[in-house]
Amino acid sequence: MESWNLEFTAGQFFMDFAWLGALLIAGTLLRKKIPILQKYLLPANLLGGTVGLLIGMNGLGWIELTSDRLGVYVYHLLALLFIALGLRAPKKRLGLSSVKFGLIFIAAYLVQAIIGLTIAFILVYSIKPELFAGIGLLAPLSFGMNPGIAFSIGQNWEQFGFQFGGIVGLTFAAFGFLAAYTIGIWLVRAGIKNGEAMYVKSEDGLSGDVLTGLVENPIANSDEKITTSPESIESFTFHIGLIGFTYILTFGSLKILELGLIWIGSEQEITTLWSFHFIAAAILAIGIRKIFDSTRVSAYIDDTTMTRCSNLFMDFMIVASVAAISFAVVAAYWLPLLSISVFAILATWMVVQMMTKSAFRQFRLERFAAIFGNMTGTLQSGLVLLRILDPTMRSPVSFNLVYGSGLALVFGFPLLILINAPVHYFSDVNQGFLAVLFTLIIYLVLITFFWQYLSKPKKTKN
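0 is the number of the first residue of the sequence shown in numbering that gives the first Met the number 0; add one for each residue after it.
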């Protein structure tokens, strides 16, 4: 519960978020002014985080942004992000393509994890016997999932001997972002030149607004609904209030579960419980939405506003996660960080390319780009790469990406539980992670068999 118990003043809290906001503005201006950043469509949150890393306490020390406090913000923003997504209206139809997206995500998770653990064990049994083998599992957590998840799990492992585990998780995430916005952009542009894009026939298809990141002639957002009377409460404030209320319920539920673990004598699971607070937040948000739907209270919840809230939390989470990286930690872990990242990213490219080609007849390049971006950066990274190929989002790929991500979380939930087993149920942690490695291989074999059945040619188009 370190992320709940770390003490700092209210002044530090508000100044930190003021600086994070200023860094986002700096990132926006850099994107606006520097052509090479436009070429790779680097988002303002990533650019702002990089500036924060350079001038913060881990860099030049010009501003007081410490890794400990930034890590706390990443932890809590992750849960708020899942709550905002969970409070939106549920989608009633997934479709076969979305199921295939979910399976590709799971296959990529498994391959990243297997490669990560294999390299970690090679290092442990050769030149780095002191290395915590679980470092190999931070690759799929940071690449395929989220920097907040990687930080939460890595921080949980610190008490079991993984020094600076949370910061290592954030560093992996930075490598993933770099791959999404360099290798990903290069692969997309190569596909355009080869005539594989459905809607874009040349690289000139991107508008100036997309390149610079600022809209020259803004228009009103017709999708957003104002659900409250402003003289009573601002609609956006009301939505933030709902998110805050759900987070209070999340905290209370976890405290009750913690007492339950103590009662049954499983105190060792308490830290794992709190590291998965975002899962509890998402489940509660979905349950609250169902209650609201049954009582018609959901008429006051606007999905567009909730999406904006989730984007708000995502932007602050990413800028904080990058700024929290420590150069000292990178220097200490450079070999496993670099080797695992390079091989995991290369394998991700190969797996996603192979599976998209075998599963889809239409929008292959668009689907490859979206999945590769998502499996190295975040959902936002996948949408950035997709927007190059489908500027107006006419294809079904964006829906497949969102729904497939949700399915992948369901399919991958047992894996999230499994990865903590070595530190709780094995006297030798290395033996525990070896057992996890073999379990992941078996799961990948099962997914492969199911995939072969699912991807058999059908008469209808995907």
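The beta-carbon is built from N, C-alpha and C at its ideal position, and this holds for glycine as well.
- Within the segment 162-194, complete beta strand (DSSP E) segments of at least 3 residues are not found at all.
- With a beta-carbon spacing of about 38 Å, Y39 and T271 fall beyond the 8 Å limit used to define contacts.
- One alpha carbon belongs to A25, the other to D67, and they sit about 23 Å apart.
- Here E257 carries a helix assignment [DSSP, helix/strand/coil].
- F104 places its beta carbon 8 Å or farther from that of M354.
- Where G411 is concerned, the enclosing alpha helix (DSSP H) starts and stops at 396-417.
- Look at the segment 84-130 and you find these whole runs of alpha helix (DSSP H), each 4 residues long or longer: 95-123.
- With 16 or more neighbouring CB atoms inside 10 Å of its own CB, P42 falls in the buried class.
- Per the coordinates, the alpha-carbon of L45 lies some 44 Å from the alpha-carbon of W262.
- Taken atom to atom, the span from the alpha-carbon of L258 to that of S265 is near 10 Å.
- Counting C-beta pairs closer than 8 Å gives fewer than three between the segment 292-301 and the segment 141-161, which falls short of the contact rule.
- Counting only residues of its own chain and dropping the five nearest sequence neighbours on each side, Q37 has a CB closer than 7 Å to the CB of R30, L210, T211.
- The three-state reading of DSSP puts G20 in helix, counting H, G and I together.
- When DSSP states are grouped into helix, strand and coil, K200 belongs to the coil group.
- Contact annotation: L385 and V401 have beta-carbon atoms that are not nearer than 8 Å.
- In its chain, beyond the 5 residues on either side, F362, E365 have a beta carbon closer than 6 Å to the beta carbon of S394.
- D389 and D427 have their C-alpha atoms roughly 50 Å apart.
- Taken through DSSP and simplified to helix, strand or coil, D302 comes out as helix.
- Distance from the Cα of F277 is smallest, within the candidate group Y74, L116, T227, S221, for Y74.
- Going by beta carbons, R87 and M305 fall inside the 8 Å limit.
- Per DSSP, the continuous alpha helix (DSSP H) segment holding F367 begins and ends at 363-375.
- Boundaries of the alpha helix (DSSP H) around M353: 333-358.
- In the three-state DSSP reduction, G60 falls in the coil class, being neither helix nor strand.
- Exposed is the label assigned to K289, since fewer than 16 other Cβ atoms lie within 10 Å of its Cβ.
- For the segment 225-278, the full-length alpha helix (DSSP H) segments reaching 4 residues or more read 234-262, 269-274 along the chain.
- Using a Cβ-Cβ distance cut-off of 8 Å, the segment 167-175 and the segment 278-285 are not in contact, since fewer than three pairs of beta carbons, one from each stretch, lie closer than that value.
- Taking a cut-off of 8 Å on C-beta distances, the segment 124-140 touches the segment 427-441, as three or more cross pairs fall below it.
- The continuous alpha helix (DSSP H) containing Q451 extends over residues 428-453.
- Here V214 carries a coil assignment [DSSP, helix/strand/coil].
- For F150, the enclosing alpha helix (DSSP H) starts and ends at 146-156.
- Collapsing the DSSP output to three states places P42 in coil.
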